[in-house]
Amino acid sequence: MRVAIQGEPGAFSDAAARQLLGEAVELVCCAENREVTRQLAAGGVHAAVLPIENSLAGSVFATYDAILAEPAIVAVGQTVLPIRHCVLGIPGATLGDLRTVESHPVALAQCRAFLETHPHLVAHATHDTAGSARLVRAAGDRSRAAIASAHAARVYDLAVLAAGVEDRPDNRTRFLLLRSTRDAPGAAPAAPGGAPPGAPAQTMLVYTTANVPGALLRTLEPLAERGMNMVRIESRPAGEPWTYQFIVEFEHTADPSAVQAVIAAIAPHTRGVRHVGTFARAAAAG
Numbered sequence: 012m013r014v015a016i017q018g019e020p021g022a023f024s025d026a027a028a029r030q031l032l033g034e035a036v037e038l039v040c041c042a043e044n045r046e047v048t049r050q051l052a053a054g055g056v057h058a059a060v061l062p063i064e065n066s067l068a069g070s071v072f073a074t075y076d077a078i079l080a081e082p083a084i085v086a087v088g089q090t091v092l093p094i095r096h097c098v099l100g101i102p103g104a105t106l107g108d109l110r111t112v113e114s115h116p117v118a119l120a121q122c123r124a125f126l127e128t129h130p131h132l133v134a135h136a137t138h139d140t141a142g143s144a145r146l147v148r149a150a151g152d153r154s155r156a157a158i159a160s161a162h163a164a165r166v167y168d169l170a171v172l173a174a175g176v177e178d179r180p181d182n183r184t185r186f187l188l189l190r191s192t193r194d195a196p197g198a199a200p201a202a203p204g205g206a207p208p209g210a211p212a213q214t215m216l217v218y219t220t221a222n223v224p225g226a227l228l229r230t231l232e233p234l235a236e237r238g239m240n241m242v243r244i245e246s247r248p249a250g251e252p253w254t255y256q257f258i259v260e261f262e263h264t265a266d267p268s269a270v271q272a273v274i275a276a277i278a279p280h281t282r283g284v285r286h287v288g289t290f291a292r293a294a295a296a297g
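Position 196 (the sequence shown) corresponds to 207 in my numbering; numbering is contiguous.
In C-alpha cells, the structure reads:
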C-alpha cells in the first residue's frame with residue numbers, strides 16, 4: 012500500500028503510518044502537508060498519515076488546512092504516538108566525541124534541559140528530525156549527532172548515544188489516517204475506516220455558521236442534548252474576509268444514525284456540514 016507522509020523515512024509520521032497500517036507500507040515522502048493531501052486526492056497514493064495535534068504544542072494547523080483544501084478526503088483512523096527523542100551518532104561515537112547536534116527547531120526546543128547540561132554541544136536547526144539523522148549518517152563524522160527517534164536510528168543505522176532526552180515524558184502526537192472517497196481506478200483499497208457499532212468512536216465535522224449572535228452555540232447544543240462529548244474545536248479561515256470554518260470533534264458510541272441525526276440538527280444553523288470522518292477512539296499512549 013502506497014502511503015503519503017510529510018517528512019522523510021524515520022520521521023515520527025513514518026512510525027505512525029507503520030503503527031496504523033503495518034510494516035509493509037510503501038512510503039511516499041512529501042515536503043509539505045498540502046502535498047500529502049494533493050497526492051491522496053489525485054489517487055497517487057492509497058492512504059495518508061498526518062499529525063493533527065500535539066499534547067504540548069497544540070494543533071497542527073498545516074494539517075487542518077491541507078484536509079480542508081480537499082473535500083474528497085476523509086479521516087478513517089487515528090493513533091497517538093509518544094514522542095521520545097534520542098541523540099543519534101555514528102556507530103562507535105560517544106557523547107564525549109560530539110561537538111554539534113542538529114534537528115528540527117521544535118525537537119531542539121523540547122530537549123532544552125539536555126542541551127543545557129551539555130554546553131559543549133552547538134545546536135543547529137534543520138528542516139526535519141529524520142532528515143538530520145540521514146545527514147549525520149552521510150557525513151560519517153563522529154563529532155556530529157542528530158536528535159531524532161529510535162526508529163530513525165534503525166532506518167539510518169545510527170547508534171543511540173542517549174535516549175529519552177526530551178524535557179517532558181508526556182509529549183505525544185495524534186496522527187490521522189486519511190483516504191480519498193474517489194480512489195484511482197485499479198488502486199489497492201485503502202485501510203478500512205470507522206468504528207464497529209457500539210464501540211467508542213470519535214467524529215470530526217467542519218462547518219461555517221452565520222455571523223449572528225448564538226450561531227455557534229446552536230450548533231453545539233445538539234451534542235450536549237445527545238450526551239456526546241465535544242473534545243476539540245478549532246477555527247480556520249474559510250476563504251472569505253472575516254469568515255471562519257469551525258472544526259469540531261466529539262466522542263460518542265459508534266452509531267451512524269446518531270451521527271447523521273446530529274448533522275441534521277446542526278445543518279440548519281450552518282452553510283453546510285462536512286463530515287470529515289468517524290473513526291475509533293485512540294488508545295492512550297504510554
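Here a beta-carbon is modelled for each residue, glycine too, at the ideal position from N, C-alpha and C.
No experiment lies behind these values; they were computed from the predicted model shown.
For the alpha helix (DSSP H) that contains residue i, what are its first and last residues?
i    : result
T140 : 140-150
P277 : The residue asked about is misnamed: residue 277 is Ile in this sequence, not Pro. I277 -> alpha helix (DSSP H) spans 267-277.
A161 : 161-167
L32  : 23-32
Assign residue i to buried or exposed, taking buried as 16 or more other Cβ atoms, counted over all protein chains shown, within 10 Å of its Cβ.
i    : result
A199 : Since pLDDT at A199 reaches only 41, below the 50 mark, its modelled position is unreliable, and no value is offered.
G197 : Below a pLDDT of 50, predicted positions are generally treated as unreliable, and G197, at 41, falls in that range; the measurement from the model is reported next regardless. By the neighbour-count rule (16 or more Cβ atoms within 10 Å), G197 is not buried but exposed.
P203 : Unreliable positioning characterises P203 in this predicted model, as indicated by a pLDDT of 43, which lies under 50. The coordinate reading is nonetheless provided below. Counting Cβ neighbours within 10 Å, P203 comes out exposed, since fewer than 16 surround it.
A86  : buried
D168 : exposed
G21  : buried
V166 : buried
F290 : buried
G297 : Here G297 scores only 48 on pLDDT, less than 50, and its place in the model is too uncertain to base an answer on.
A195 : Confidence in A195 is poor, its pLDDT being 43 and thus under 50, which makes the residue's placement unreliable; the coordinate value appears in the next sentence. So A195 counts as exposed.
F11  : Given that the chain is displayed from residue 12 to residue 297, the structure contains no residue 11 and the question cannot be resolved.
A201 : Residue confidence is low: A201 scores 42 on pLDDT, short of 50, so the model does not pin down where it sits. Its coordinate-derived value is still stated next. Result: buried.
G69  : exposed
R148 : buried
Strictly by DSSP, which residues pair up with residue i?
i    : result
A235 : Paired residues: none, contrary to the question.
P309 : An answer regarding residue 309 cannot be provided, because it is not within the stretch 12 to 297 covered by the chain.
I158 : V98
E64  : S70, R185
P93  : R183
Relative to the C-alpha of residue i, which residue among the options is closest?
i    : options                : result
N44  : N65, R29, Y75, A58     : Y75
V217 : A210, L227, V47        : L227
A157 : I101, A206, H131, R179 : I101
A265 : A210, I244, A276       : A210
P144 : D178, A174, L99, G103  : One detail in the question is off: residue 144 reads as Ala in this sequence, not Pro. The residue with the shortest Cα to Cα distance from A144 is L99.
T137 : A120, N182, R229, I16  : A120
G54  : L189, A35, L172        : L189
G288 : D108, A212, L32        : A212
P82  : R247, V223, T48, A27   : T48
A249 : E236, R237, T219       : T219
A15  : A68, P279, A77, S70    : A77
S154 : Q271, R282, L132       : L132
I244 : M215, V56, R282        : M215
A52  : C40, I84, G283         : I84
Starting from residue i, follow the beta strand (DSSP E) in both directions and report where the run begins and ends.
i    : result
S114 : 111-114
T254 : Segment: none, T254 is in no beta strand (DSSP E) and carries neither H nor E.
T74  : Taken as a continuous stretch (DSSP letters only), T74 belongs to no beta strand (DSSP E), being part of the alpha helix (DSSP H) at 72-79.
L189 : 183-191
Thinking C-beta only, is residue j closer than 8 Å to residue i?
i    : j    : result
L234 : F257 : no
D139 : G18  : yes
H96  : C122 : yes
L92  : R183 : yes
L106 : L32  : no
A141 : A159 : yes
T90  : A27  : yes
E5   : I63  : Absent from the structure is residue 5, since the part of the chain shown begins at 12 and ends at 297.
S24  : V60  : yes
R179 : A293 : no
A269 : R237 : yes
E37  : M12  : yes
A104 : A170 : yes
M239 : V273 : yes
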